[in-house]
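In the working numbering, the protein residues as written are 972 to 1191.
Every residue gets a Cβ at the ideal spot worked out from N, C-alpha and C, and that includes glycine.
Heads up, the thing below is written out as structure tokens.
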Amino acid sequence: MNFQELMSRYKLVKVMKAMEAAGLNHGTAGNASVRCAEHFLVTPSGVPPLKLKPSMIVKLDIKGHSKSRYKPTSEWKMHVDLLAQRPDMNAVVHCHSRFATTLACAGLEVPSLHYMTAVSGGLNIPLAPYATYGTAELAQSIAKTLQQGRRACLMANHGQIAMGTSLEEAFIISSEVEVQASYYYGTLVIGKTVCLSEQQMHDVVVKFKSYGQNGSKPPS
Ligand SMILES: [Zn+2]
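See the structure below:
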């Protein structure tokens, strides 16, 4: 095992514990993956984040073959297909966070009610159509929703998924998706949602591209 793979295994454990600490996970529901040269490192099936160790991380090829004694997350295919489709991205996190999942169970996407919805890479946070967990159909639904430029979406009757150039970035986007979902839920409870216009959101997307040291991070 080379140094890069070892570091990636530690980072996967770290991001799963961070998701747990942030309240994004429910039991063993969350999972994550990161590109590792021609392979993919994914979290194992059924191991709670607090018991996860770097040696339990599963290394897969694009067809899901592995030499690990641990079984990969049952949702490995949507991770691998997404990373294969998006060479500009290196990491994926998925969880059943409370507000994102609530909206996804109501068949709702998050509209452009706050400028930070642009972290999804578009003007809203879209909703991917439902398919059974772990199936090729679900992987296709997510891959179709997260085309070029998109970074996050809700998953109908299931949860949310986010991607980034690193695990840290994917985690930040996933956290922001949950916050945006909570804002939208709140406005639905109040009974009034005021959305930004397409032009106002386009202005934010342009600003995001030139923000920070490398132009890739949105403002906080
Ligand atoms: Zn799931």
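| task | Would you check whether ligand 1 has a heavy atom nearer than 7 Å to the C-beta of Gly998? | result | Gly998: no, Cβ never under 7 Å from ligand 1.
| query | Between which two residues does the beta strand (DSSP E) containing Ser1068 stretch? | reply | Note, Ser1068: premise wrong, no beta strand (DSSP E); not H, not E.
| query | For the alpha helix (DSSP H) that His1173 lies in, which residues bound it at each end? | reply | For His1173, the enclosing alpha helix (DSSP H) has its first and last residue at 1169 to 1180.
| query | For Pro1097, which option in Asn973, Ala1123, Val1165 has the closest C-alpha, if you only look at C-alpha atoms? | reply | Ala1123
| request: Pick helix, strand or coil for Gly1092, following the three-state DSSP scheme. | output: The answer is coil: DSSP assigns Gly1092 none of H, G, I, E or B.
| said: Distance check for Thr1014 and Asn973, CA to CA, integer angstroms please. | reply: Here the alpha carbon of Asn973 sits roughly 18 Å from the alpha carbon of Thr1014.
| query | What is the residue span of the beta strand (DSSP E) that Ile1132 lies within? | reply | 1130 to 1135
| query | Any idea which residues DSSP pairs Val1063 with across the strands? | reply | Ser1004, Met1134
| message | Less than 8 Å between the beta carbons of Ala1110 and Asp1052, yes or no? | response | yes
| query | Based on Cα-Cα distance, which residue from Ala1089, Gly1105, Ala1141, Ala1071 lies nearest to Lys985? | reply | Ala1141
| query | Do the CB positions of Lys982 and Val1018 come within less than 8 Å of each other? | reply | no
| request: Give the secondary structure of Leu1098 by DSSP, where H, G and I count as helix, E and B as strand, and everything else as coil. | output: strand
| message | Only counting the same chain, and skipping five residues up and downstream in sequence, which positions put a Cβ closer than 6 Å to that of Ile1028? | response | Arg980, Leu983, Leu1012
| said: Below 7 Å, is the gap between the Cβ of Glu1197 and the nearest heavy atom of ligand 1? | reply: Nothing can be reported for residue 1197, as the shown portion of the chain is limited to 972 through 1191.
| task | Give the single residue among Met1126, Ser1153, Leu977, Thr1158 whose Cα lies nearest to the Cα of Val1064. | result | Met1126
| Under the rule that 16 or more other beta-carbon atoms within 10 Å means buried, what is Leu1024, buried or exposed? | Note on residue identity: the sequence assigns Lys, not Leu, to residue 1024. It counts as exposed.
| query | According to DSSP, what are the bridge partners of Leu1125? | reply | Leu1098, Gln1131
| query | If Lys1030 and Ser1039 are in contact, beta carbons under 8 Å, what's the gap, nearest whole angstrom? | reply | 6 Å
| Sequence-distant residues of the same chain with beta carbon closer than 7 Å to Ser1191, five excluded per side | Summary for Ser1191: the model assigns pLDDT 48, below 50, so the residue's position carries little reliability, and this model does not support an answer.
| message | With distance defined between alpha-carbon atoms, name the residue in Gly1105, Thr1106, Ala1107, Pro1100 nearest to Thr1116. | response | Pro1100
| query | Do you know how far the Cα of Val1150 is from the Cα of Met990? | reply | Straight-line spacing of the CA atoms in Met990 and Val1150 works out to 14 Å.
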